[in-house]
Amino acid sequence: MCVRLGDDGPKSAAGGYLRDTGAHEAGAHDANGADLHARFLSWSHGLGPIRRSDQRRSDVREPASGGDAAGRRQLRPRRWRPRPHCGHHLCRPQLRPGAPPRGHRDAQAGASSGRAGGLLPPRRTCAAPPRARGGRDARDQQRRPPDGGAAAGRLQRSARSRVSAPALDVEPRLRAAVDGCREELVAIRRDLHRHPELSHQEARTAQMAAERADALGFAVHSGVGGHGVTADLDSERSGPVLMLRADMDALPVLERDDGRPVRSEVDGVMHACGHDGHVAMALGAASALVALRDTWTGRVRLCFQPAEERAEGAMPMIEAGAADGVHRVLGIHLWAPLQTGRVAVTPGVLFGSADSFTLTVRGRGGHGGMPHTAVDPVVAAAQIIVALQTIVSRETSPFAPAVITLGKIAGGAAFNVIADTVEIEGTVRALEQSERERLLRRIDEIASGVAASMRAEAAFVRTAGCPPVVSDPGVAEVVRSAAVATVGEGRVDVAQPVTVGDDIACFLERAPGCYFLVGAGHPERGRVAPHHSADFDIDEACLPIGMEALVRAALDILR
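Once you know that position 115 of the sequence shown is 158 in our numbering, the rest is easy, because the numbers rise by one and skip nothing.
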């Protein structure tokens with residue numbers, strides 16, 4: 044058998060080839076015979092040639108004619124030239140134990156090329172691995188996300204393209220939608236301002252909101268928890284459900300007649316808190332979202348809520364299913380202390396809790412000239428009012444804002460008659476839920492104790508309430524970005540929490556959301572009066588600002 048012991052193993056006999064003298068069969072154990080024998084077996088069994096570094100090469104070559112050891116002659120040593128450094132010690136076939144025969148394509152191809160079974164093609168560590176058909180190689184790694192493979196990278200790029208491409212088209216359409224609603228926003232607000240309705244009496248306002256939402260293509264449900272209205276618009280693409288909430292009720296305040304262009308036509312009732320503007324902005328946002336329906340996913344739910352001023356409107360609507368399936372909640376409050384053109388977005392607590400209560404003090408009536416025969420509830424009520432002031436001043440930390448206000452007291456019918464009962468009505472405000480519960484508990488305890496000390500009784504009834512208004516930080520950041528896009532970076536503020544209340548807090552307990560303030564004050568136009576006052580008014584230029592910020596935030600949430 045003729046073999047050549049080079050780096051590439053045995054080849055067919057040709058010029059310069061060596062002959063195996065059969066030393067392995069004869070049992071020769073000289074150095075050259077052992078070298079030839081080991082190299083031959085290494086290759087024929089698929090183990091690869093022995094490394095020259097492991098076994099020194101021989102300077103003696105067999106003559107082509109064969110012969111025994113005594114007949115060998117000295118030949119010029121063959122010079123060994125290593126290949127260029129590319130991991131040459133690995134550039135040889137390798138056996139994978141237990142693996143089926145493999146070649147460049149498959150086992151058959153390997154067999155046809157004359158390679159032994161179980162051999163793999165050479166691996167060269169200095170070169171990039173071959174690119175798999177249809178796959179990605181090392182040159183693609185810099186674009187691959189650290190936590191995903193090629194498919195994840197493709198999905199990530201596709202998602203970016205789906206978001207960024209429509210975004211370029213949304214801006215001019217959004218601007219057109221806002222500009223087209225400016226006059227309509229003012230018209231809706233003025234109509235509602237002329238026809239205000241008190242809490243639980245918002246029939247006309249609810250009907251107008253329902254009719255306009257229906258005309259826009261929303262699926263409308265009226266009579267939700269009283270005069271509440273919900274209206275849904277589906278994008279027909281899977282996504283979250285976003286609620287846009289607007290309150291509708293007015294206040295029992297007689298509006299001052301100072302020549303303003305629009306004034307309440309209902310005696311003793313006015314929109315002194317901006318709820319007329321809230322309804323107008325929600326309807327304007329609904330119109331814009333209809334125009335941009337192809338750019339968002341999920342569903343929009345309008346929620347026109349009654350009885351916010353009494354904190355009695357949100358819970359009945361929730362109990363009727365208004366918040367079912369809602370994932371996010373957005374709401375706007377027009378804010379007179381903030382100048383028009385500014386927006387305030389506050390992550391965390393914005394408004395405090397709002398609870399109302401009634402204390403009924405019972406004594407024993409009698410003649411005004413013989414008080415010793417009676418138990419005077421008026422005097423007991425006066426002592427209770429004074430004692431309740433110590434809850435905030437002496438029992439509450441100055442770093443935990445709290446308010447107890449007693450706004451109404453009623454009792455007696457004549458100057459010379461000691462009444463049987465006196466009623467006290469008040470409100471409690473706090474920024475923390477734990478403080479809220481503590482204040483209400485202490486009112487009951489102190490009133491009962493003071494009344495007992497004066498031979499009277501005091502019954503405490505908590506009549507209505509809502510928790511603090513807390514905006515989710517993540518949603519607040521989305522709203523802040525929308526506000527910056529609307530009015531500019533330098534005109535978006537973080538408002539300090541205040542101890543007014545709003546029962547949108549009940550919706551925000553069911554789903555994360557954000558309640559933000561839109562400036563409605565304008566000192567040059569005299570729009571600086573406080574909320575709930577007879578002089579209150581808004582600068583109507585705030586309406587398109589609030590509408591645009593609301594639409595931008597909605598698109599960011601639903602995109």
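For every residue, glycine included, the Cβ atom is placed at its ideal position computed from N, Cα and C.
key: Among A262, A507, D463, the one whose alpha carbon lies nearest that of P498   = It is worth fixing the name first, because residue 498 is Arg in this sequence and not Pro. Of A262, A507, D463, the residue nearest in Cα terms is D463.
query = Do you know how far the Cα of L335 is from the Cα of L163?
reply = Any reading at L163 is ruled out, since the residue's pLDDT is 47, under 50, leaving its predicted position unreliable.
query = Grouping DSSP H, G and I as helix and E and B as strand, with all else coil, what is G374?
reply = When secondary structure is reduced to three states using DSSP, G374 falls in the strand class.
task = Helix, strand or coil for C557, going by three-state DSSP, please let me know.
result = strand
query = Would you call V429 buried or exposed, if buried means 16 or more other Cβ atoms sit within 10 Å of its Cβ?
reply = exposed
request  = Verify whether the separation of the beta carbon atoms of V512 and L551 is less than 8 Å.
outcome  = yes
inquiry  = Can you list, in chain order, the residues of its chain with a C-beta nearer than 6 Å to that of G455? Leave out the 5 residues immediately preceding and following it.
reply    = Excluding sequence neighbours, G455 sits near A462.
task = With a threshold of 16 other CB atoms inside 10 Å of the CB of L593, please say whether the residue is buried or exposed.
result = buried
query = Between which two residues does the beta strand (DSSP E) harbouring G271 extend?
reply = 271-277
request  = May I ask which residues mark the beginning and end of the alpha helix (DSSP H) holding H318?
outcome  = 318-334
request  = List the residues that DSSP assigns as beta-bridge partners of R472.
outcome  = V446
query = On the three-pair Cβ rule with 8 Å, is the segment 557-565 touching the segment 377-389?
reply = Judged by Cβ distances under 8 Å, the segment 557-565 makes contact with the segment 377-389, as three or more pairs qualify.
task = Look up H410 in the DSSP assignment and say whether it is helix, strand or coil.
result = strand
ask   = In the DSSP assignment, what are the bridge partners of S399?
value = T470, A507
request  = For the beta strand (DSSP E) containing R255, list its first residue and its last residue.
outcome  = Where R255 is concerned, there is no enclosing beta strand (DSSP E), although the alpha helix (DSSP H) it sits in stretches over 246-258.
key: Among S436, V460, T338, the one whose alpha carbon lies nearest that of R280   = T338
key: 7 Å Cβ shell around V333 - same chain, five flanking residues per side excluded   = L259, G260, L276
ask   = Rounded to whole angstroms, how far is the Cβ of E466 from the Cβ of A443, which I believe are closer than 8 Å?
value = Contact doesn't hold; Cβ gap of about 29 Å is too wide.
query = If we ignore side chains and look at the alpha-carbon of each, how far apart do D553 and H370 end up?
reply = The question names Asp, but residue 553 is Arg in the sequence shown. Going by the C-alpha atoms only, they are around 9 Å apart.
inquiry  = Can you list, in chain order, the residues of its chain with a C-beta nearer than 8 Å to that of S440? Leave out the 5 residues immediately preceding and following it.
reply    = none
task = Would you list the one or two residues that DSSP bridges to L345?
result = Residue pairing by DSSP places L345 opposite A274, L287 in a beta bridge.
ask   = Leaving out the 5 sequence neighbours to the left and right, which residues in its chain are closer than 6 Å to G178 when beta-carbon positions are compared?
value = Since pLDDT at G178 reaches only 46, below the 50 mark, its modelled position is unreliable, and the value read off the structure follows with that caveat. Excluding residues within five positions, none has a Cβ falling inside 6 Å.
task = Starting from the C-beta of V504, find all residues in its chain whose C-beta is less than 7 Å away, skip the five residues before and the five after it, and write them out in chain order.
result = The residues F400, T401, in chain order, have a CB closer than 7 Å to that of V504 in the same chain once the five nearest residues on each side in sequence are set aside.
task = Using beta-carbon positions only, say whether S278 and R342 come within less than 8 Å of one another.
result = yes
key: Residue from V312, H318, V309 whose Cα sits closest to the Cα of A249   = H318
request  = Provide the residue span of the alpha helix (DSSP H) that contains S436, from first to last.
outcome  = Where S436 is concerned, the enclosing alpha helix (DSSP H) stretches over 420-438.
request  = Output the boundary residues of the alpha helix (DSSP H) element that contains L598.
outcome  = 585-601
request  = Check I231 in the structure and name its three-state DSSP category.
outcome  = helix
query = Comparing the CB of H376 with every heavy atom of the ligand GTP, is any distance shorter than 7 Å?
reply = No copy of the ligand GTP occurs in the structure displayed, which carries no ligand at all.
ask   = When the Cα atoms are used, what is the spatial distance from D515 to A457?
value = If you draw a straight line from the Cα of D515 to the Cα of A457, it is about 54 Å long.
request  = Indicate the three-state DSSP secondary structure (helix, strand or coil) for P516 in the structure shown.
outcome  = helix
task = Figure out for me which residue from G589, T448, R299 has the closest Cα to the Cα of V527.
result = G589
ask   = Which value, in whole angstroms, describes the spacing of the CA atoms of R568 and D582?
value = 8 Å
query = Can you check whether the CB of V322 is closer than 8 Å to the CB of L235?
reply = yes
query = Where do the ends of the alpha helix (DSSP H) carrying A357 lie?
reply = 357-362
Test item: CB-CB of A379 and P573 under 8 Å = yes
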